[in-house]
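The next block holds one structure in the form of structure tokens; read it before the comments.
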Amino acid sequence: MGKIIVNLDVEMAKRKVSLGELAERIGLTQANLSILKTGKARAVRFTTLEAICHELQCQPGDILAYSEEE
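Structure, rendered in structure tokens:
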């Protein structure tokens, strides 16, 4: 079984955007965005993913990736 890798921290670092700044821009709490960033989220709403992509000017595939577990 594979797993989903969250690269949100990489995209945020490329654009020099802090967790607090992005959370405020997309209307999420820092705690909820942190859960997503660390890969501990069990689900992501498409509206949240859309807002993140809009603010970071990226594609969903830049944030989420699939990896086969070894």
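Under my numbering, the first residue of the sequence shown carries the number 137, and numbering increases by one thereafter. The beta-carbon is built from N, C-alpha and C at its ideal position, and this holds for glycine as well. Keep in mind the model is a prediction, meaning the values are calculated, not measured.
Residue 183 and residue 193 have their C-alpha atoms some 15 Å from each other. Nearest to residue 139 by alpha-carbon distance, out of 169, 166, 187, 175, is 175. Counted as a single uninterrupted DSSP element, the stretch harbouring residue 150 is not any beta strand (DSSP E) but the alpha helix (DSSP H) occupying residues 144-150.
Spanning the alpha carbons of residue 149 and residue 159 requires a straight line of approximately 14 Å. For residue 159, the three-state secondary structure derived from DSSP is helix. Nearest to residue 156 by C-alpha distance, out of 180, 173, 199, 202, is 173.
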